[in-house]
Structures are given as C-alpha cells and as structure tokens.
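**Q**
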Amino acid sequence: MANKKNAHDIAPETVLEFLRHTMPFNELDDNSLRDLAKHCIIDFIPKGTVIFRQGETEVEHFYLIQKGGVKIYLEDDQGEVTLKDFRGEGEYFGALPIIQNTRANLNVETVEDTFCFLFTKAAFRQLLVSSPRFSQYFLRSLSEKLVNTAYAELRHHRVSPRTESALFLFSTQVGTTVKNRPQTITADASVRQAATRMAELHIGSLLVTDSAGEIIGIVTDKDLRTKVVATGLDYQTPVNRIMASPVETIPSHAVCFDAMLRMMRRRIHHLAVEKQGEIVGMITTHDIMLLQGTSPLYLFREIVAQRTLEGLHPLARKVPSVVRSLIEEGAKANNITKMITVLNDHILERLLTLLIEELGPPTLPFCWLLMGSEGRSEQTFKTDQDNALIYAWPDDEKKAAEAEKYFKQLSEKAIENLVQCGYPLCPGEMMASNPKWRMSAPEWKKCFDGWIMTPEPKEVMHSTIFFDFRAGYGDFGLADKLRHHLARTIPKQELFLYHLAQNALEARPPLSFFRNLIVEKDGEHRNTLNLKTKGLVPFVDFARLFALKHGISESNTLVRLQLLHEGGHISSEMYHETVKAYEFLMQLRLVHQLHMIENDQEPNNNINPANLSDLEKQTLKESFEVVRRLQSHIKAEFRLGER
Amino acid sequence: MLKKLLTRYGLVPPAHPLFAENWRYFKQLNQNKPLADYEFVVFDTELTGLDRHRDEIISIGAVRIRNLQIMVGETFYVFTRPSRPLPKDSTLIHRITPQQIESAPQLATVLPDFISFCGRALLVGHYVGLDVAFMNRACRRHYGAPISNPCLDTMRLAQTYTEMQWQQYHDRFRMDISYSLTALSKEYGLPDFTLHDAYEDALQTAYLFVFLIKKMRSKGIVTLKDLFNAGQAWRHLF
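Chains A and B supply the protein sequences, listed in that same order. Counting in the working numbering, the first sequence runs from 5 upward without gaps. Counting in the working numbering, the second sequence runs from 88 upward without gaps.
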C-alpha cells in the first residue's frame, strides 16, 4: 500500500550515502538531503571532455564529483593555459557562476572518466538560502568557522585526549580568578609589619602605597626571604627599600595563559590585575597551577631551579608532554611556539649561567644570538641549533686573543650541552662554536653590510636566517644595536631587497590535492608534502622581506605581519587571511610532530595527504591560495615578472 | 484463434489501448536519430527463482535516462505479491522478506503503471531477456499482449564494447572475462554499490549503460541503428 504510493518517490541510498559524507552537504538535515538526492541527475562525462568553457558556458547545474576528476584552468587571449586546480571525488565545480549568476569563469575538463551528481541552479540556490552553514562554506572558504572546525578536527583526530581537561588556561580570564581586593601597606611601614600582615592574611604579597594612596610597588614573601632575612637587614627597614617597583600588571580580560607566560618571562610569581586603570587584585603562579594539571609552570620551575648541567639535560625532553596538554586545552600554534620558546630560552639561560660559573666571568660583554626559527620565536619540537655570538670590541690584540679563547671555550661547551639537551647540531654549522659566526660587534656589522651592500643571489639565500636573529643571553644591547643598524640601512638597499624578494618566490606551494596526491604547479604528482618548505617558508620569507623593507626590527613572523598591517604596508584583508593560513599550517605541523613523537618517531615536516581529512585538505588548499596571493604581491611590489 | 496467436507474438495490434498505442509507436520507430535523442528506462526485477514457468516477479525497480543522463527524480520501484508464498531460500538471494510483500499489490495491477512509466522509452536491462520474459508472461496472461518497447541488453553492449577494444586477434580467445554487473562495474571503474535491490541494481545498470553508450559514441556509434549494426546488441524481444 505504502509501496504503491511511493513508486516514484525514492532517494537512492547510493546518492544519499555519498552526500552524507561530503562537505558541506553533511551540514544538511536528512530531509533536505533526501529531497536533494531525489532530484539529482547523474551524468557520465568521458575523459577529455570540456564541460565548462570560460565566458561561454551558461552554467545550469552545480556539479558534485562522485568518481573521477577534472582539471580547472584559465586560458588567456594568446591561448596561454594556466592550471588552477584539480578536483576529485567529493569536490565540486560550478558553484561560483551560479552564486554570481555569470557564465563559467573557468574551463573545466575531465581528466578521467567522471561521474557527477548534478543539482539544478534553482535547487542549489535554494540550499544557499535555507542553510546558512551550507552557504557560508561556499561564500568564503577560508572562513573563521571553517578554520575553527579544522582546528577542532585536528585536535580530536590527531591528539587522542589523555585527560579530561577543560580549556581553563585559554578560556579563563585573569579577572575571574581574583577573589579579594588587593591588600596594601604604606611605603613607610616596616618589613616586620609587612611580614605580620602577610602571615595574618595568609597571602604572599602586599602592594605598597605612597602617602597619596597610589600603588608604587610590591613586596612579596620572596623579598622578605632574600632581601631581609638572608642579608640580615634590620626588620625596622621601611618596605619601600625592599619593594619591587613598578608593579607588573596584566589586564583583567587577558586569559590566564598570558598571565602565565608573562610570569615565566619575568621570572616572577605575582601579577597585579588591572581593570580600567585600577588594580583590582592579584594573580599568582599558585592560582594558575590550581587551574592546571600538567603545567608548563612545573617544568619552568624545574628548569630555573637546576643547579647542574647534568640536571638540565633531561628537562628539555619534557617539553612535548607539556605542549600536548596545551594542545588538548585548545592552544593555537602561536601560543605553543611562544611557550616552547620561553622554555627553551630558560634552558639556554640556565645552561650559560652554569657554564659561566664554571669558566669564570667573560672578559668582555657578549650576547648569545639566536637565529632562524629560534630567532623568530617559532620553535617546534625539532629545532636545529642556529646560534651565533657577538661580543664587544676588544681594545687591543691581547684582549682580542683572550676573548677569542674564552668565547671559543664557552660556545663549544654550550653547543655540546645543548646537544645533550636534545637540540640537534645545525647541519650548516651555523653555530657559535664555528669561528665564522663568533665575532665582535664591528665585525658583525661589517659582515651584515657585506650581505646588504654587495649582495650576491646565493649569499642572500644563505644569509636569510641571520636576518631573523634575536638576543638569547647576555648583553642584549649588543644585539639591539646591530638590529637598529639593520633597520636603518636595509630599507635603502634596493638591490638586496630585490634579491630577497626573488628568494621569497623560490618556494612554490603545491597547486592542489588530487586523490591522495599533491599536485605541483605543472600538474606533476607527489606523495608527501613538506609543510615547512612548501607551506611555512613562503610566509616567513614574505614577513621578513617586508619587515626589512620597512625597517621593522621584530623577528617573529606574526609580530612582523602585525606591525606591517599597523604601518599600513599590507591591507587588512591580506593581513587577516595571512595570519589565519599561517597559524593553521603551524598548527598542522605541530600536531603532526606531536603525533610522531608519541609514536616514537623522529619528528619531521612531511605530511602524507592520505592521512588528512577532507576539511584539512580544504583548509590547506586555501592556505596555498594565500601563499600565491602573497607571492603575487611580492611580484607586483618588486616588479618581478612571472618566471 | 489465429488473431489471438498473432497478437500474442506482437504481429497485430493488441486490444488493450495502452498496449495498442505502444505497439503502433514502436512499429514505426525511427532508428536513425542520435542516441541522446531517445529516452531509456533502465530496469531490474527481483524474482522468486529462475524457472520461467513457475517463478514470479516480486519487485521492479526502474530509472529513466534522458539526454543520456540518469534522472534520479524519475524512478519506479514497487514490490509485488506473488500468487504463491515466497519460497524460503529465495529470501537469501533478494533479501525481500515475506512480510515486506504481504500487503503489496499483485503484478497484474502494477503492470499498467509500469508500462505508462516506460512510455516511449526503450527498455534497458542487464541480461534483459530474463526480466522481459517474466514481464511478458504476466502481460500476456492478463492483457493478452507483450510489451512492445524494444529492449537493449547492457551485457550484450558490454560484449560489443569489449570486442571494439580488442586490438589483437588472440584477445578474442580470452576466456577470463566476466560479464556480471558487479564485475563489469569494477572493470570499468564505475562507482561502487553496496545495496542490491531491484532499484539500486537498476541504477547500477543505468551507470553501466550510460558509460557504455558514451564510450561507444566516441568510437563512431552515433545513432540507434549504428548500435544495432555494431553487434546486434539490441533486438526486439517478444
């Protein structure tokens, strides 16, 4: 009975199943899917058939590829063909002309025998109107939502949760941890009074106020220990003699992660929470540890407390476990690389401090320089050492020989210990132990000037990582001076910038994915994708190039981009899509490496597209598209033609 | 008596108006039009067994092809109740349970619907002779005439296509080729079908048909007549 009525009303299971597993149709409810499946047309298009011809074909249907594949290309007046994309199973074409109500904007040709599901223009438009999630997918592919879903997917599929941790660190605002008004004490009160107050209130710090009631400093239990008791200071000493001033503050709307990062950087345990210019309370390391199980702070404390080099060696290897908990908590790659950088910086600082205790004080002020990804504060798990050493100009030859002897010993020992901590040697010998990269300040200046003033393409290529240097330990002024010099000179050196621009175009992103293969520009297929060279390097190169061109001293890629945006050197749209794409690539790499470490493999940058979800592939594709836009921007800016 | 016999074998117009109209139309079918100009109905049946005298149709699935594209929106799918209860072992083959067809109509009442659905389309099936034989037995019994729509067999088409592909003489002696629907779909790289009922099988046959016709079209088979000449792949079945 039901049977006869529905003789013409069947949604084929084959079509339905396909739609249920295909983005963005999987966003639709079952009734809409059934309706769609019932009204589709199935077409077979033999290999080598041109389905759309740009500017000619009136697009009547939206095509979803069930099996097979097409290539999408542009043809200019001269008949020059530019391949734009390959689309395979589960991918579509024809959406844009339907949305914009134009003729086909590109050529589409089958590269295999292809079966497609066709939906009429009207049915497709109806879906766009009725389902916002569906339309969002087509309107701007690299949307916030898509990227966020991709992040969530990365987290869930790649990082199997180990603990039921909530997103505390990244969701809790500093302000919400504040329980009480800040406790204060006047500047002229004695340290004994301060200690009594703190004991009464069971707290570890007091804010110090002047006669007008303004907060001018902070006194903590650590100050009482180290500055009063340990040194035998009179207990009647006024607190303003031992207080730290000014007070480090953090806005109450900042998340706890930022507070933690700041405390780790400054090596302090208390931060004053500020709301609209007023101190409303305190946040301490203890507060944060309560929020956190596998806390980076524990590791941080362990590092800072190490008194021997041997004790330091195993600590660096604990970084991945800390990072894992952060990823589980929803941290983005940018947070994580910053965290890894802070931890590594502390290890370096501990290590050099201990070495200097062993070797005796240096004969001249020096600064340990970090380069490459360390210099950019973008370290992941596997970071080769890229470092150098700069020291003050020795007045005479005797001092020069002494300095050379001392710094040779220091850097060789440092490199050796860093290796033992698990930081591999730089294959290109760009390390402070190499006499080439251990020089006095004027020699460094000369070296950089050589690269900048008389640039050779090959030298420019090899020297790029030097331009990402930052101070790691020692006299930061030496590094700052050099940085300042570069920021002043480079914007005027057009030839150097020209070579740098050319170099930035070297790394070509792949064109697309097809099946589980990566399609390179010329249509060639590859199995694995090097996320670093094909994905991340173009972003880093872009940011470096324009930062140097505009005299920006920062070395971190995201900060460089932000400053370029604020300085009006790149458009708002370009800035936002660049940041999104870059962060996604960093995240993908981080999760990939974490996954490898947890499977006892050496982490690398090679991604196999077979292991990526459709969404990840889609987001990656969009990121490559951003790289292409960045590179055309470089071409336009530096008048570099298509090569 | 003679008239009845002639009608029975499709030599004079049947009495039933639906059957008569079809008969007249296909009597003068123009075979020289391009293949894309014809409509096709691809169909499949589920049977209680393979005995042409005893077994019966219990399900018909069909889908229309227009402009050589599969019109998923134009489908036909019914269960029919056989005159005898379902033999137990046949359930294993078609996975239709006695409960499913308990309340279904009998084939005789469904046939006119199916013939209307087919209209002026050519019928297509995989090893179509078997399905048509069962269909026509019922048609003859209840309406005194067979279906007049010409039928195309995708199995024969596949054989013809394979022969057209053969480059070397000794290929003709290859014995390892299976012409089952599943094997052919696999060989030609057509999409997979997991479900097998009359409707999904009809759809799978439709994929095969469209694939073969378009592939053969590129080798010079343009009209219905060309197709006929290429390998006698189609014939009137009565």
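The C-beta atom is built at its ideal place from N, Cα and C for all residues, glycine as well.
Among residues of its own chain, excluding the 5 on either side of residue 278 of chain B, which ones have a beta-carbon nearer than 7 Å to its beta-carbon?
**A** Cβ within range, chain order: 294.
**Q** Is the stretch 349 to 361 of chain A touching the stretch 409 to 423 of chain A, taking contact as three or more C-beta pairs under 8 Å?
**A** Touching, yes.
**Q** Among the candidates A:83, A:73 and A:56, whose CA atom is the shortest distance from the CA of residue 100 of chain A?
**A** The shortest C-alpha separation from residue 100 of chain A is found at A:56.
**Q** For the stretch 376 to 409 of chain A, list the beta strand (DSSP E) runs that are entirely contained and at least 3 residues long, ordered along the chain.
**A** Listed in chain order, they are 391 to 395.
**Q** Give the single residue among A:528, A:420, A:437 and A:270 whose Cα lies nearest to the Cα of residue 392 of chain A.
**A** With distances taken between Cα atoms, residue 392 of chain A lies closest to A:437.
**Q** Going by beta carbon distance, what residues of the same chain come within less than 6 Å of residue 235 of chain B, once the five residues before and after it are set aside?
**A** Correct list, in chain order: 109, 110 and 113.
**Q** Please confirm if the stretch 563 to 576 of chain A is in contact with the stretch 588 to 605 of chain A, defined as three or more CB-CB distances below 8 Å between the two stretches.
**A** Because the criterion of three Cβ pairs below 8 Å is not met, the stretch 563 to 576 of chain A and the stretch 588 to 605 of chain A do not touch.
**Q** Hey, residue 473 of chain A and residue 375 of chain A are a contact pair by Cβ (cut 8 Å); roughly how many whole angstroms apart?
**A** At roughly 5 Å, the Cβ-Cβ gap stays under 8 Å, so residue 473 of chain A and residue 375 of chain A are in contact.
**Q** Starting from residue 297 of chain B, find everything on chain A with Cβ-Cβ shorter than 9 Å and list it in chain order.
**A** Those within 9 Å of residue 297 of chain B in chain A are 46, 47, 48 and 119.
**Q** Could you round the C-beta distance between residue 248 of chain A and residue 287 of chain A to whole angstroms and report it? I think they count as a contact, below 8 Å.
**A** About 16 Å; that fails the 8 Å criterion.
**Q** Who are the neighbours of residue 71 of chain A on chain D, taking C-beta pairs under 8 Å?
**A** Among the protein chains of the structure shown, namely A and B, there is no chain D.
**Q** For chain A, find out if any of its Cβ atoms is closer than 9 Å to the Cβ of residue 323 of chain B; answer yes or no.
**A** Caution is warranted here: a pLDDT of 39 is assigned to residue 323 of chain B, below 50, making its placement in the model unreliable, and no coordinate value can be reported.
**Q** In chain order, what residues of the same chain lie with their CB nearer than 7 Å to the CB of residue 308 of chain B, ignoring the 5 residues before and after it?
**A** Counting only Cβ-Cβ distances below 7 Å, and skipping sequence neighbours, we find 314 and 317.
**Q** State yes or no: is the C-beta of residue 197 of chain B within less than 9 Å of the C-beta of residue 44 of chain A?
**A** Cβ atoms of residue 197 of chain B and residue 44 of chain A: not closer than 9 Å.
**Q** Can you tell me where the beta strand (DSSP E) holding residue 128 of chain B begins and where it ends?
**A** Start and end: 127 to 134.
**Q** Is it the case that the stretch 483 to 498 of chain A contacts the stretch 552 to 560 of chain A, given that we only count it when at least three CB pairs across the two stretches are under 8 Å?
**A** Contact between the stretch 552 to 560 of chain A and the stretch 483 to 498 of chain A is present, because at least three Cβ pairs lie under 8 Å.
**Q** List, in chain order, every chain A residue whose beta-carbon is nearer than 9 Å to that of residue 156 of chain B.
**A** In chain order: 45, 46, 47, 48 and 122.
**Q** Tell me, please, whether the CB atom of residue 19 of chain A is closer than 9 Å to any CB atom in chain B?
**A** Closer than 9 Å to some Cβ of chain B, the Cβ of residue 19 of chain A qualifies, so yes.
**Q** As a quick exercise: from A:280, A:223 and A:260, pick the residue whose alpha carbon is nearest that of residue 290 of chain A.
**A** The candidate whose alpha carbon is nearest that of residue 290 of chain A is A:260.
**Q** With DSSP as the reference, label residue 216 of chain B as helix, strand or coil.
**A** Three-state result, residue 216 of chain B: helix.
**Q** With C-beta atoms as the reference, is residue 228 of chain B less than 9 Å away from residue 195 of chain B?
**A** Yes, the pair counts as a contact, with Cβ atoms nearer than the cut-off.
**Q** Spell out whether any CB of chain A is found under 9 Å from the CB atom of residue 294 of chain B.
**A** Output row for residue 294 of chain B: interface = yes.
**Q** At least one CB of chain A closer than 9 Å to the CB of residue 391 of chain B: is that the case?
**A** The first residue shown for chain B is 88 and the last is 325, placing residue 391 of chain B beyond what the model contains.
**Q** Does the separation of the CB atoms of residue 126 of chain B and residue 208 of chain B fall below 9 Å?
**A** Contact: yes.
**Q** Return the Cβ separation of residue 317 of chain A and residue 430 of chain A in integer angstroms, given the expectation that the two are a contact with Cβ distance under 8 Å.
**A** Going by Cβ atoms, the distance from residue 317 of chain A to residue 430 of chain A rounds to 19 Å, so no, they are not a contact pair.
**Q** Grouping DSSP H, G and I as helix and E and B as strand, with all else coil, what is residue 439 of chain A?
**A** Note: residue 439 of chain A maps to helix in three-state DSSP.
**Q** Compare the beta carbon distance of residue 388 of chain B and residue 188 of chain B with 9 Å and say whether it is the shorter of the two.
**A** Residue 388 of chain B is absent from the model: chain B starts at 88 and stops at 325.
**Q** Nearest-angstrom Cα distance between residue 418 of chain A and residue 480 of chain A?
**A** Taking the straight line joining both Cα atoms gives about 18 Å.
**Q** Distance cutoff 9 Å, beta carbons only. Does residue 305 of chain B sit that close to anything in chain A?
**A** So, interface residue.
**Q** Could you tell me which chain A residues have their CB closer than 8 Å to the CB of residue 286 of chain B, listed as they occur along the chain?
**A** Simply 14 and 16.
**Q** Can you list, in chain order, the residues of its chain whose CB lies under 7 Å from that of residue 164 of chain A, leaving out five sequence neighbours each side?
**A** With a pLDDT of only 49 at residue 164 of chain A, under 50, the local geometry of the prediction cannot be trusted, and no value is derived from it.
**Q** Just curious, the alpha helix (DSSP H) that residue 240 of chain B is in, first and last residue?
**A** From DSSP, residue 240 of chain B is part of no alpha helix (DSSP H) but of the beta strand (DSSP E) over 238 to 240.
**Q** Are the C-beta of residue 99 of chain B and some C-beta of chain A separated by less than 9 Å?
**A** Taking Cβ atoms only, chain A never reaches closer than 9 Å to residue 99 of chain B, which makes this a no.
**Q** When DSSP labels each residue in this structure, what does residue 235 of chain A get in the three-state scheme?
**A** Reduced to three states, the DSSP call for residue 235 of chain A is coil.
**Q** Check whether the Cβ of residue 159 of chain B lies closer than 9 Å to any Cβ atom in chain A.
**A** For residue 159 of chain B, the answer is yes, since a Cβ of chain A falls inside 9 Å of its Cβ.
**Q** Closer than 7 Å, Cβ to any Cβ of chain A: which residues of the stretch 189 to 209 of chain B, in chain order?
**A** Answer set for the stretch 189 to 209 of chain B: 190, 191, 192 and 200.
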